[in-house]
Amino acid sequence: WADNCESMAPCNLTNPQAGSMPYLVSLNRPYINSNQAVYVSIRALPTLTFQGFMIQARDEKTGQAVGEFDIENKKIRVINCFGRPDSTAMHNDDLPKTELTARWAPEDDNDATITFYVTVAEKLNPLETFWTCQRTKTLKIIKHK
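Numbered continuously in full-length UniProt numbering, the sequence shown closes out at residue 145.
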């Protein structure tokens, strides 16, 4: 997964699912000050679970991964994408999950519009059913004064 920072595809062997995924991705708030954090959650619909995920925050102007995920959360592994430390969060194990929440904070004190991109895999072995680059609603970042 970590080799595919741009496509966010877990592999090149299988195509992603078309259509809506059976997982809900949400932000705990629609805007933050640049000195605050936001929580991104993935929740499975009833009776479903997921094993793998990748989350990235991208600046709407540049398309680049920005900000940092909380490295203290033991349920996620934080990786570097596009030369930016801690810019992408992904699964740390292959256990079935019904929900996962990751804390993200901007790295700069600037106004910005961010969209989180999420890939979710139902199972990791065998890796057959996954959705790539699912977008959240935008997050507005307001420069802290």
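Every residue gets a Cβ at the ideal spot worked out from N, C-alpha and C, and that includes glycine.
Just so we're clear, the structure is a prediction, and the values are computed from it rather than from any experiment.
Asked                                                                                     : Found
Buried or exposed by the 16-neighbour rule on C-beta atoms within 10 Å, applied to Leu45  : exposed
Same chain, Cβ closer than 8 Å to Asp109, neighbours up to 5 away in sequence not counted : Ser34, Asn35, Lys143 and His144
Beta-carbon proximity of Val66 to Ile114, cut-off 8 Å                                     : yes
Cross-strand partners of Leu27 (DSSP beta bridge)                                         : Val40
Between the CA atoms of Ala112 and Lys140 - distance to the nearest angstrom              : 6 Å
Distance between beta carbons of Ile76 and Ala57, contact taken as under 8 Å              : Contact flag wrong, Cβ pair sits at about 14 Å.
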